[in-house]
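Peer 1:
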Ligand SMILES: Nc1ncnc2c1ncn2[C@@H]1O[C@H](COP(=O)(O)OP(=O)(O)OP(=O)(O)O)[C@@H](O)[C@H]1O
Ligand SMILES: [Mg+2]
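Chains as they are written, first to last, in our numbering: chain A, 1 to 260; chain L, 261 to 779.
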């Protein structure tokens, strides 16, 4: 019998007024898995992520985290135990990089010296420069540096589960690629369970073990990239065609030997 | 150079510890109370649009009430409250001075604190509040660790505005019995002591500036998380409070308090009474610049011990009588009526300070005007000026009725400017005071009142109920009774209206005692 899933959605529904943002979704995310959620704007990706740590309360269905129904967990304790990277970064502008990263351990009552050591470790982990960045305010960082801080903050309290809402959006392709690779290796090294929302199908294919496709609040399909490529759904196939078309165009445009 | 060498600067400086101390105490207490009430209200209503709108509307309404009126309103309100608590709980409190001033000023400080507090808290990016929740903060932690720090600059701007308003408006608390830097301004305006007026304005402006800067220091310290700056600002405020507490701590408050209304004659007489008590070995202080409706209530409540009022004023305003009696009879009736309230009418000082219609002597002679009846024929082409209360007083109604007076225009003026205005022809007639020294100075004449429409206004000495059996007090005051005639008082008032060092109430009071003491 396989180990119980890290997160499990059973017939989960969430409506805003008449709008069904999440409509009867059932989905298991295995322990140690890296799942990417893709789908158009407004398809319910963020909502699906937020009902898991109760930033939003679901209307119907059951969600379990590490086997426990989230309705039976104090929402504040639940959120401290799950790392969350916000779509917009969400760094506190009045707190230094170090204080932003150390916030959840501080809320959990960790001693100051322990927090400081943990912050140093995380700054290293996300490959920021300790001397240069530790005491800066977020406004004095580049976009990519800010998103690294966002990832470090989510990891600070040593969560086993990390939820990421377009963590690498709005970055130049090189940085984005590097950050994605960096995170992927962290995920493996720390044995995390990661759910990442992305708009970029290529990114999803390259980083994730499995991909879930959302459309109009419904879970259209889920599976490994090769499983998805056998899907009968036109929208799913269309999504998968995009990276392939890009590769073909690139191959046609760039000399094969390239700069590499 | 003589302006800077003026000895009145020294006199002004000698009052500074008292006036500034009281000013700082009442302002900071009001500000503290305003903050304690407003900040939690701003926090509680930040996500509740309906109560928030009501609260802001109420605070805005308070703000539109002129400061002086708001302060004056609190006095009768507290008086009522005090009588209720006395009846129900057997305890009473003083509705005079500090309490009404502090409450009114606290109310006055609320709008900027509330408005900026709410604006600051509502202006925070919702994504950050979401992030606070997401990293595992409780609502309370989110408020303390994220929302309040982010709203701080806007909130502090509101607090600083409130501080400047309160410190400025506190100068208006003098008429309800709270000593403040306004004492310089009120006394200075009444006795044409521009040194005092300037001194009062500068002192309150400097105080406002200093407090504003200290609050700014605290703000920048909190924002930049510099303990040093925030600490320095806080120490500055604390030092200000401490410095104003020390000089008044040791002072006993058990002495006699002599009240005075807001005009020069009253400043001189209260200084005279204070000097007499001190000469008799009693400790006494003068509380000057009290509003004329506040002062009688303050005596009744025992907040002041004695003051000089005028028989006709009490006859109309306290007994609500419209009939008119001869001088001696009216005083006798008044004495009996006041005794019912346990107020002692000790006696008359000897002169009358009645309202009189006054115009230049030359003009009166040219037109053949001797009495108010003569004036009535010319009134329709003339303008009249009076002090701020005259036209709403029963005497004015009585005058109009008795003589059929109809002037072409009527204006309100600061009493000290009226005489110059009528002398220069800017107005034709003024409602002046018979004891005013300026009548002689500007060669004016006070018209006779053959129909006796204006009641007599004998200056009378009143004692608070708690001083009813105080024989030492009465003995100290009795040498003054019946001794001050109208000519002497006019001269004293003329001296007090001068704009030099010898015109201060203290100096004039000593001169006056020199004249009447040996009589
Ligand atoms: N608090 C809310 N109140 C009302 N409607 C909401 C709320 N949050 C989300 N919605 C709506 O629910 C739908 C799903 O929103 P959601 O944020 O989950 O989309 P998304 O897939 O994350 O989109 P994007 O890729 O643009 O971030 C949208 O139509 C959105 O307008
Ligand atoms: Mg989204």
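We put the CB at the ideal spot given by N, CA and C, even for glycine.
In the DSSP assignment, find the unbroken beta strand (DSSP E) run with residue 194(A) in it and report its ends.
Peer 2: 193 to 197
Peer 1: Which residues mark the beginning and the end of the beta strand (DSSP E) in which residue 612(L) is found?
Peer 2: 604 to 612
Peer 1: Kindly examine ligand 1 and report whether one of its heavy atoms sits closer than 6 Å to the Cβ of residue 46(A).
Peer 2: yes
Peer 1: Going by beta-carbon coordinates alone, are residue 666(L) and residue 639(L) separated by less than 7 Å?
Peer 2: yes
Peer 1: List the whole-angstrom C-beta distance separating residue 201(A) from residue 239(A), where the pair is believed to meet the contact cut-off of C-beta under 8 Å.
Peer 2: For residue 201(A) against residue 239(A), the beta-carbon gap comes to about 5 Å, under 8 Å, which counts as contact.
Peer 1: Residues in the same chain with beta-carbon distance under 6 Å from residue 604(L), minus the five sequence neighbours each way, listed in chain order, please.
Peer 2: The beta carbon of residue 604(L) lies closer than 6 Å to those of 723, 728 in the same chain, with the five residues before and after it left out.
Peer 1: Taking 7 Å as the limit between beta carbons, can you name the residues of its chain near residue 687(L), skipping five residues before and five after?
Peer 2: 643, 644, 645, 671, 681
Peer 1: Since residue 34(A) sits in a beta bridge, which residues does DSSP pair it with?
Peer 2: 194(A)
Peer 1: Quick check on residue 219(A) - is its C-beta less than 7 Å from some C-beta in chain L?
Peer 2: No, its Cβ sits nowhere closer than 7 Å to a Cβ of chain L.
Peer 1: Taking only the alpha-carbon atoms, compute the straight-line gap between residue 492(L) and residue 427(L) and give it to the nearest angstrom.
Peer 2: A straight line joining the alpha-carbon of residue 492(L) with that of residue 427(L) spans about 21 Å.
Peer 1: Would residue 348(L) be called buried (16 or more neighbouring beta carbons within 10 Å of its own) or exposed?
Peer 2: exposed
Peer 1: Beta-carbon within less than 8 Å of residue 90(A)'s beta-carbon, same chain only, minus the 5 sequence neighbours each way: which residues are those?
Peer 2: 150
Peer 1: Please classify residue 66(A): does DSSP put it in a helix, a strand, or coil?
Peer 2: coil
Peer 1: Output the residue ranges of the beta strand (DSSP E) runs that lie fully inside the segment 458 to 521 of chain L and measure 3 residues or longer, sorted by chain position.
Peer 2: Whole beta strand (DSSP E) segments, 3+ residues: 516 to 519.
Peer 1: With 16 other CB atoms within 10 Å as the buried threshold, where does residue 564(L) fall?
Peer 2: With 16 or more Cβ atoms within 10 Å of its Cβ, residue 564(L) is classed as buried.
Peer 1: Look at residue 190(A) and residue 49(A) and say whether their C-beta atoms are less than 7 Å apart.
Peer 2: no
Peer 1: Let me make sure I understand the geometry here. Which of 75(A), 67(A), 33(A) has the alpha-carbon closest to that of residue 58(A)?
Peer 2: 75(A)
Peer 1: So that I know if they touch, is there some Cβ in chain L lying closer than 7 Å to that of residue 136(A)?
Peer 2: no
Peer 1: Would you report the Cα separation of residue 441(L) and residue 273(L), rounded to the nearest angstrom?
Peer 2: 11 Å
Peer 1: Do you know how far the Cα of residue 598(L) is from the Cα of residue 306(L)?
Peer 2: 54 Å
Peer 1: How is the beta strand (DSSP E) around residue 706(L) delimited, first residue to last?
Peer 2: 704 to 706
Peer 1: Quick check: what's the CA-CA separation for residue 747(L) versus residue 772(L)?
Peer 2: 11 Å
Peer 1: Would you check if there are 3 or more beta carbon pairs closer than 8 Å linking the segment 197 to 217 of chain A to the segment 34 to 46 of chain A?
Peer 2: Yes, since at least three Cβ pairs between the segment 197 to 217 of chain A and the segment 34 to 46 of chain A fall closer than 8 Å, the two stretches touch.
Peer 1: Between residue 394(L) and chain A, is there a C-beta pair that is closer than 7 Å?
Peer 2: yes
Peer 1: Measure the C-alpha to C-alpha separation of residue 282(L) and residue 414(L) and round it to an integer number of angstroms.
Peer 2: 30 Å
Peer 1: Going along the chain, which residues of its own chain have a beta-carbon closer than 8 Å to the beta-carbon of residue 378(L), five neighbours each way excluded?
Peer 2: Short of 8 Å from the beta carbon of residue 378(L), and not among the five residues preceding or following it, lie these beta carbons of its own chain, in chain order: 302, 305, 306, 312, 316.
Peer 1: For residue 259(L), count neighbouring C-beta atoms within 10 Å of its own C-beta (all shown protein chains included) and say buried if the count is 16 or more, exposed if not.
Peer 2: A query on residue 259(L) cannot be resolved here, the shown segment of chain L reaching from 261 to 779 and no further.
Peer 1: For the segment 92 to 114 of chain A, which residues have a CB atom closer than 8 Å to at least one CB atom of chain L, in sequence order?
Peer 2: Against chain L - using a Cβ distance shorter than 8 Å - the residues of the segment 92 to 114 of chain A are 92, 93, 94, 103, 104, 107, 108.
Peer 1: Let me confirm a value: residue 664(L) is counted as buried when at least 16 other C-beta atoms fall within 10 Å, else exposed. Which label applies?
Peer 2: Classified as exposed, residue 664(L) has fewer than 16 neighbouring CB atoms from the shown chains inside 10 Å of its CB.
Peer 1: Verify the CB distance criterion: does residue 410(L) have a CB-CB separation below 7 Å to chain A?
Peer 2: yes
Peer 1: Give me the chain A residues within the contact set of residue 398(L), using Cβ-Cβ distance strictly less than 8 Å, ordered along the chain.
Peer 2: 76
Peer 1: State the CB to CB distance for the pair residue 740(L) and residue 516(L), rounded to an integer number of angstroms; the pair is presumed to be in contact (CB under 8 Å).
Peer 2: Not quite, the Cβ-Cβ distance comes to about 15 Å (not below 8 Å), so this is no contact.
Peer 1: Since residue 620(L) is in the beta strand (DSSP E), which residue starts that stretch and which ends it?
Peer 2: 615 to 620
Peer 1: Apart from the five residues on each side of it in sequence, which residues of its chain come closer than 6 Å, Cβ to Cβ, to residue 26(A)?
Peer 2: 9, 10, 11
Peer 1: Report the three-state DSSP secondary structure of residue 306(L) (helix, strand or coil).
Peer 2: The three-state secondary structure of residue 306(L), taken from DSSP, is coil.
Peer 1: Under 7 Å, Cβ to Cβ, is there at least one residue of chain A near residue 391(L)?
Peer 2: Yes, its Cβ sits closer than 7 Å to a Cβ of chain A.
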